[in-house]
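Q:
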Amino acid sequence: MKKNILLGVTGSIASFKACSLIGLFREKGYAVRCMMSRSAGRFITQLTLETLTGERVVRGMFRLSENSSPPHISLADEADVILVAPATADIIGKVSAGICDDILTSTVCAAGCPVVFAPAMNDKMFNNPIVREKIEHLRQNGYHFIDPAKGPLACGREGEGRLAPLERIVEETERVLGT
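This is how it looks when you write it as structure tokens:
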């Protein structure tokens, strides 16, 4: 049976890599659906993600799904895994604090399936003690993380914070799925 991956895309310069991730998962036979944080649309378009997945992208909280269920509940119920890639410091902090102020944070909070975060941010942000504390808090509560890579960052610096290689994200997501 085909597994359902719910991809949460956030407002990071690395969000364009979601397009390649979708392609890699679809090549392996997974069904992929996307949801976007409010700021993700500043980096990638809804139309692009819909074209690549063949599915409607969910951006808002207040539109009922096909089964008259709130979208964050129906999305969480349909997913076999939720992958947040790229995961910004903002999304990590909100989920860690239980803040549910958009479709992505609310769906993650309602999830009964595994949730995987693939952080991507500036090295100073990733190594900020508060961000690291939030990551550890989420790990202790059963959330999975794919550590970022070291290398050139969008800001021109070198350091840890670059989105992990896509093949590693796929492998780790499959490991969490048990496939």
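The sequence shown begins at -19 in the working numbering and counts up by one.
Glycine residues also receive a C-beta, built at the ideal position from the N, C-alpha and C atoms.
1. Kindly identify the DSSP beta-bridge partner or partners of Pro132.
2. Identify whether Ile(-15) lies in helix, strand or coil by the three-state DSSP scheme.
3. Comparing alpha-carbon positions, which option in Gly136, Lys104, Val37 and Pro99 lies nearest Tyr123?
4. Return the residue from the list Ser19, Thr159, Ser17 and Lys104 that minimises the CA-CA distance to Glu140.
5. Taking only three categories from DSSP, how would you classify Leu143?
6. So the beta strand (DSSP E) Ile62 belongs to, where does it begin and stop?
7. Can you tell me the Cα-Cα spacing of Val38 and Ala67, whole angstroms?
8. Measuring CB to CB, does Ala56 end up less than 8 Å from Ala77?
9. What number of angstroms, rounded off, separates the C-alpha of Leu146 from the C-alpha of Val111?
10. For Phe106, which of helix, strand or coil comes out of DSSP?
11. Please say whether Phe97 and Pro128 have beta carbons closer to each other than 8 Å?
12. May I ask which residues mark the beginning and end of the beta strand (DSSP E) holding Val96?
13. If we call anything under 8 Å between Cβ atoms a contact, is Ala(-2) one with Leu(-14)?
A: The answer reads as follows:
1. In the sequence shown, the residue the question calls residue 132 occupies position 152. According to DSSP, Pro132 bridges with Glu138.
2. Sequence index remark: in the sequence shown, residue -15 carries index 5 (1-based). Reduced to three states, the DSSP call for Ile(-15) is strand.
3. Against the sequence shown, residue 123 aligns to sequence position 143. Nearest C-alpha to Tyr123: Pro99.
4. The residue you call residue 140 lines up with position 160 of the sequence shown. Glu140 has its Cα closest to that of Lys104, out of Ser19, Thr159, Ser17 and Lys104.
5. Sequence index remark: in the sequence shown, residue 143 carries index 163 (1-based). Reduced to three states, the DSSP call for Leu143 is coil.
6. Here the question's residue 62 lines up with position 82 in the sequence shown. Per DSSP, Ile62 belongs to the beta strand (DSSP E) from Val61 to Ala67.
7. In the sequence shown, residue 38 corresponds to position 58, counting from 1. In the sequence shown, residue 67 corresponds to position 87, counting from 1. Cα to Cα, the separation comes out at about 17 Å.
8. Your numbering for residue 56 matches position 76 in the sequence shown. Your numbering for residue 77 matches position 97 in the sequence shown. Contact flag unset, no.
9. Here the question's residue 146 lines up with position 166 in the sequence shown. Here the question's residue 111 lines up with position 131 in the sequence shown. Rounded to the nearest angstrom, the two C-alpha atoms are 23 Å apart.
10. Sequence index remark: in the sequence shown, residue 106 carries index 126 (1-based). Of the three classes helix, strand and coil, the one that applies to Phe106 here is helix, per DSSP.
11. Translated into the one-based positions of the sequence shown, residue 128 becomes position 148. Translated into the one-based positions of the sequence shown, residue 97 becomes position 117. Contact flag unset, no.
12. The count along the sequence shown starts at 1 and reaches residue 96 at position 116. Where Val96 is concerned, the enclosing beta strand (DSSP E) stretches over Val95 to Pro99.
13. Here residue -2 corresponds to residue number 18 of the sequence shown, with the count starting at 1. Here residue -14 corresponds to residue number 6 of the sequence shown, with the count starting at 1. No. Outside cutoff.
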